[in-house]
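Student:
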Ligand SMILES: Cc1cc2nc3c(=O)[nH]c(=O)nc-3n(C[C@H](O)[C@H](O)[C@H](O)COP(=O)(O)OP(=O)(O)OC[C@H]3O[C@@H](n4cnc5c(N)ncnc54)[C@H](O)[C@@H]3O)c2cc1C
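Protein chains in written order, with this note's numbering: chain F, 484 to 569; chain V, 6 to 384.
Written out as structure tokens, the structure is:
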């Protein structure tokens with residue numbers, strides 16, 4: 484999905500994991516993915532460049548949808564969708 | 006009219022806040038202008054970090070409990086009945102015995118607990134040490150363990166994020182001392198692509214695990230356990246065989262939080278600086294009960310408590326809440342049965358573990374003994 488569309492996405496929940504070193508952005512996303520109902524869109528805000536790579540890699544492994552990432556100044560907004568139970 | 010501050014939960018955060026507030030607002034308490042209540046679902050206060058040592062027979066249950074009444078300032082009222090409902094619109098806490106307490110300010114400090122029921126088969130096939138009975142059961146299992154495959158699996162969220170590492174290093178040392186380390190295949194799994202959430206700690210583990218012969222499997226999130234076949238399968242599609250399954254089950258917050266509609270899975274949406282429940286002005290949240298993406302640790306509850314107390318006092322006296330939590334967390338990390346390191350970090354400063362030493366280990370053991378001064382508001 485292109486960035487232009489992502490800007491219009493209304494997330495079910497936004498997790499701002501900036502400045503939080505532990506447990507860290509990916510673990511916050513995993514927690515939310517498990518907790519939220521199917522169909523939820525989760526926006527993860529991360530100050531860690533690694534997240535833009537880790538998140539799609541994990542989503543791919545667990546067969547959930549990576550919607551895309553918006554790079555802002557100094558942080559990343561990463562969008563995922565829970566498409567099946569886990 | 007006197008003001009009433011009600012604290013729900015008599016664990017680390019709740020007890021510190023009650024005692025510090027009672028000290029700070031002594032005059033108001035004496036004049037009857039302020040009442041401080043603690044609502045606790047049990048008469049005793051349990052020091053949870055002691056479970057790590059109880060597992061190895063290094064602490065006994067009696068050393069880890071104190072009477073909550075004896076820890077609390079005599080001017081704090083203690084209600085030994087569980088809260089069953091918190092009505093934030095009516096400013097009421099409902100207790101199981103039918104009593105309803107009206108508050109001006111409420112502090113929610115009900116903590117978190119392992120919820121093995123969230124993973125199919127985990128209760129039947131797995132062990133954990135995060136609760137007293139489970140810890141003793143695992144201790145007996147370990148004492149008769151002659152060798153085989155041990156798998157450590159970690160659920161999210163969980164309190165004390167360094168405990169999985171600590172138990173790994175301590176078990177490694179313990180098996181060596183018992184002369185069976187060469188008969189134990191130990192696999193440490195972790196939910197993300199490195200060995201710990203904190204990057205420097207992950208580096209530390211990556212450097213030290215190979216020296217200890219500890220195997221690893223990253224990107225491993227528990228999906229289900231088959232107790233008959235003795236296997237655990239991850240969401241990522243990996244199945245591991247085990248002889249002994251050691252886990253940190255995923256956690257939930259207190260039932261009363263869910264039942265009162267205050268937060269999913271019992272964790273409350275909280276402002277990371279003011280520590281007030283989002284959208285409220287008189288509901289503070291402390292410790293494990295927040296949904297903040299930071300470590301669920303006693304030290305977190307402690308540092309947050311200092312801020313909450315200052316803000317409550319300032320709010321009651323002059324209607325201002327100027328203090329902000331900076332995200333400070335401090336954790337010791339045991340790296341064997343005789344050495345430890347520590348980490349300290351906040352919202353702006355990443356952690357940086359120092360070289361492990363016997364001195365830091367002794368410091369942690371000392372803290373385990375003097376812990377009681379923390380809830381009492383002395384240390
Ligand atoms: C094995 C282990 C090792 C740990 N090691 C460390 C460590 O080394 N360092 C560290 O900083 N932290 C450590 N922790 C974590 C630490 O113990 C917790 O993070 C801390 O206790 C959280 O404090 P709290 O006040 O939020 O909750 P708690 O201390 O858990 O207190 C919550 C209280 O609320 C009560 N309650 C629940 N529901 C109700 C209700 N309905 N009505 C009334 N009362 C209720 C509970 O019974 C409990 O007394 C460890 C934890 C474990 C399990």
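Beta carbons are placed, not taken as given, at the ideal position from N, Cα and C, and that holds for glycine.
Should residue 552 of chain F be flagged as near chain V, meaning a C-beta pair shorter than 9 Å?
Tutor: Numbered from its first residue, the first chain carries residue 552 of chain F at position 69. With 9 Å as the cut-off, residue 552 of chain F does not count as an interface residue toward chain V.
Student: Could you check the C-alpha separation between residue 82 of chain V and residue 14 of chain V for me, to the nearest Å?
Tutor: For this step, residue 82 of chain V is matched to residue 77 along the second chain. For this step, residue 14 of chain V is matched to residue 9 along the second chain. Distance between the alpha carbons of residue 82 of chain V and residue 14 of chain V is about 13 Å.
Student: Report the three-state DSSP secondary structure of residue 175 of chain V (helix, strand or coil).
Tutor: Residue numbering aside, residue 175 of chain V sits at position 170 when the second chain is read from its first letter. Helix.
Student: Pick helix, strand or coil for residue 133 of chain V, following the three-state DSSP scheme.
Tutor: To locate residue 133 of chain V, count along the second chain from 1; it is residue 128. Three-state result, residue 133 of chain V: coil.
Student: So residue 21 of chain V and residue 268 of chain V are in contact, right, with Cβ under 8 Å, and what is the actual spacing, rounded?
Tutor: One-based indexing of the second chain puts residue 21 of chain V at position 16. One-based indexing of the second chain puts residue 268 of chain V at position 263. Not quite, the Cβ-Cβ distance comes to about 22 Å (not below 8 Å), so this is no contact.
Student: Excluding the 5 residues preceding and the 5 following residue 485 of chain F in the sequence, name in chain order all residues of the same chain whose CB lies nearer than 8 Å to its CB.
Tutor: As a first step, residue 485 of chain F is located in the first chain; it is residue number 2 there, counting from the start. Note that residue 485 of chain F has pLDDT 47, beneath the 50 cutoff, so the model's placement of it is unreliable and no number is given.
Student: Starting from the beta carbon of residue 542 of chain F, find every residue of chain V whose beta carbon is closer than 8 Å, and list them in chain order.
Tutor: Start at 1 with the first residue of the first chain, and residue 542 of chain F comes out as number 59. Under the 8 Å cutoff, chain V gives no residues; its nearest Cβ is about 11 Å from residue 542 of chain F.
Student: Determine the closest residue to residue 312 of chain V out of V:26, V:9, V:160, with distance taken between C-alpha atoms.
Tutor: For the purposes of this step, residue 312 of chain V is taken as the residue at position 307 of the second chain. The shortest C-alpha separation from residue 312 of chain V is found at V:26.
Student: When the distance is taken between beta carbons, is residue 301 of chain V closer than 9 Å to residue 339 of chain V?
Tutor: By one-based count along the second chain, residue 339 of chain V stands at place 334. By one-based count along the second chain, residue 301 of chain V stands at place 296. Cβ distance not < 9 Å, so residue 339 of chain V and residue 301 of chain V don't count as in contact.
Student: Helix, strand or coil for residue 341 of chain V per DSSP?
Tutor: Against the second chain, residue 341 of chain V aligns to sequence position 336. Correct three-state label for residue 341 of chain V: coil.
Student: Alpha carbon to alpha carbon, what distance is there between residue 219 of chain V and residue 264 of chain V?
Tutor: Reading the second chain from its first residue, position 259 is the one you call residue 264 of chain V. Reading the second chain from its first residue, position 214 is the one you call residue 219 of chain V. For residue 264 of chain V and residue 219 of chain V, the distance between alpha carbons rounds to 42 Å.
Student: Are the CB atoms of residue 222 of chain V and residue 192 of chain V within a distance shorter than 9 Å?
Tutor: Position 187 of the second chain, counted from the first residue, corresponds to residue 192 of chain V. Position 217 of the second chain, counted from the first residue, corresponds to residue 222 of chain V. Yes, Cβ-Cβ distance for residue 192 of chain V and residue 222 of chain V is below 9 Å.
Student: For residue 46 of chain V, verify whether its CB is less than 8 Å away from any heavy atom of ligand 1.
Tutor: Here residue 46 of chain V refers to the residue found at position 41 of the second chain. Yes, the Cβ of residue 46 of chain V comes within 8 Å of a heavy atom of ligand 1.
Student: Under DSSP, the alpha helix (DSSP H) around residue 38 of chain V begins and ends at which residues?
Tutor: Residue mapping note: residue 38 of chain V aligns to position 33 of the second chain, counting from 1. Run containing residue 38 of chain V: none; DSSP gives neither H nor E here.
Student: Could you say which of V:58, V:352, V:353 lies nearest to residue 176 of chain V if we only look at CA atoms?
Tutor: Start at 1 with the first residue of the second chain, and residue 176 of chain V comes out as number 171. Nearest C-alpha to residue 176 of chain V: V:58.
Student: Using a cut-off of 7 Å between C-beta atoms, extract the partners of residue 535 of chain F located in chain V.
Tutor: Working through the first chain from its first residue, we reach residue 535 of chain F at position 52. Those within 7 Å of residue 535 of chain F in chain V number zero; the least Cβ separation is about 13 Å.
Student: By the 10 Å Cβ neighbour count, where 16 or more other Cβ atoms means buried, how is residue 24 of chain V classified, buried or exposed?
Tutor: Residue 24 of chain V sits at position 19 when you count from the first residue of the second chain. Buried: at least 16 other Cβ atoms inside 10 Å.
Student: Taking 9 Å as the cut-off, decide whether the C-beta atoms of residue 561 of chain F and residue 522 of chain F are in contact.
Tutor: One-based indexing of the first chain puts residue 561 of chain F at position 78. One-based indexing of the first chain puts residue 522 of chain F at position 39. Against a cut-off of 9 Å, the Cβ pair of residue 522 of chain F and residue 561 of chain F comes out as no contact.
Student: Short of 8 Å Cβ to Cβ, which residues in the stretch 330-345 of chain V face chain F?
Tutor: Those residues of the stretch 330-345 of chain V that come within reach of chain F (Cβ to Cβ, closer than 8 Å) are 332, 334.
Student: Check whether the Cβ of residue 165 of chain V lies closer than 8 Å to any heavy atom of ligand 1, and answer yes or no.
Tutor: By 1-based counting over the second chain, the position of residue 165 of chain V is 160. Answer for residue 165 of chain V: yes, Cβ within range of ligand 1.
Student: Does chain F have any CB closer than 9 Å to the CB of residue 300 of chain V?
Tutor: If you number the second chain from 1, residue 300 of chain V lands on position 295. Chain F, which has a Cβ nearer than 9 Å to the Cβ of residue 300 of chain V, makes this yes.
Student: Taking only beta-carbon positions, decide if residue 514 of chain F is within less than 9 Å of chain V.
Tutor: Numbered from its first residue, the first chain carries residue 514 of chain F at position 31. At least one chain V Cβ lies under 9 Å of residue 514 of chain F.
Student: Give the residues of chain F in contact with residue 225 of chain V, contact being defined as C-beta atoms less than 8 Å apart.
Tutor: Taking the second chain and counting its residues from 1, one reaches residue 225 of chain V at position 220. Those within 8 Å of residue 225 of chain V in chain F number zero; the least Cβ separation is about 10 Å.
Student: Is the shortest distance between the beta-carbon of residue 15 of chain V and the beta-carbons of chain F less than 9 Å?
Tutor: For the purposes of this step, residue 15 of chain V is identified with residue 10 of the second chain, where counting begins at 1. Output row for residue 15 of chain V: interface = no.
Student: Could you give the residue range of the beta strand (DSSP E) that holds residue 9 of chain V?
Tutor: Within the second chain, numbered from 1, the residue matching residue 9 of chain V stands at position 4. Run containing residue 9 of chain V: 8-13, per the beta strand (DSSP E) assignment.
Student: Tell me the DSSP secondary structure of residue 499 of chain F in three-state form.
Tutor: Translated into the one-based positions of the first chain, residue 499 of chain F becomes position 16. Three-state result, residue 499 of chain F: strand.
Student: Ends of the beta strand (DSSP E) at residue 118 of chain V?
Tutor: Translated into the one-based positions of the second chain, residue 118 of chain V becomes position 113. It spans 117-119 - the beta strand (DSSP E) in which residue 118 of chain V sits, taken as one unbroken run.
Student: Does ligand 1 have a heavy atom nearer than 8 Å to the CB of residue 343 of chain V?
Tutor: Here residue 343 of chain V corresponds to residue number 338 of the second chain, with the count starting at 1. No, Cβ of residue 343 of chain V sits at least 8 Å from all heavy atoms of ligand 1.
Student: Residue 528 of chain F to residue 63 of chain V, Cα distance in whole Å?
Tutor: For the purposes of this step, residue 528 of chain F is identified with residue 45 of the first chain, where counting begins at 1. For the purposes of this step, residue 63 of chain V is identified with residue 58 of the second chain, where counting begins at 1. Straight-line Cα distance between these residues: approximately 42 Å.
Student: Comparing alpha-carbon positions, which option in V:173, V:160, V:151, V:283 lies nearest residue 187 of chain V?
Tutor: By 1-based counting over the second chain, the position of residue 187 of chain V is 182. Checked all of V:173, V:160, V:151, V:283; the closest Cα to residue 187 of chain V is V:151.
Student: Can you give me, in chain order, the residues of the stretch 240-263 of chain V that have a beta carbon less than 8 Å from any beta carbon in chain F?
Tutor: Per Cβ criterion, the list reads 240, 241, 242, 255.
Student: Beta-carbon within less than 7 Å of residue 290 of chain V's beta-carbon, same chain only, minus the 5 sequence neighbours each way: which residues are those?
Tutor: Position 285 of the second chain, counted from the start, is the residue given in the question as residue 290 of chain V. Around residue 290 of chain V: 113, 273, 275, 280, 282.
Student: Work out the CA separation of residue 234 of chain V and residue 333 of chain V for me, nearest whole Å.
Tutor: Counted from its first residue, the second chain places residue 333 of chain V at position 328. Counted from its first residue, the second chain places residue 234 of chain V at position 229. Approximately 44 Å, taken between the alpha carbons.
Student: For residue 336 of chain V, which of helix, strand or coil comes out of DSSP?
Tutor: As a position in the second chain, residue 336 of chain V is number 331, starting the count at 1. Residue state, collapsed to three classes: strand.
Student: Which residue from V:226, V:38, V:34, V:166 puts its Cα closest to that of residue 135 of chain V?
Tutor: Sequence index remark: in the second chain, residue 135 of chain V carries index 130 (1-based). For the residues V:226, V:38, V:34, V:166, the minimum Cα distance to residue 135 of chain V belongs to V:166.
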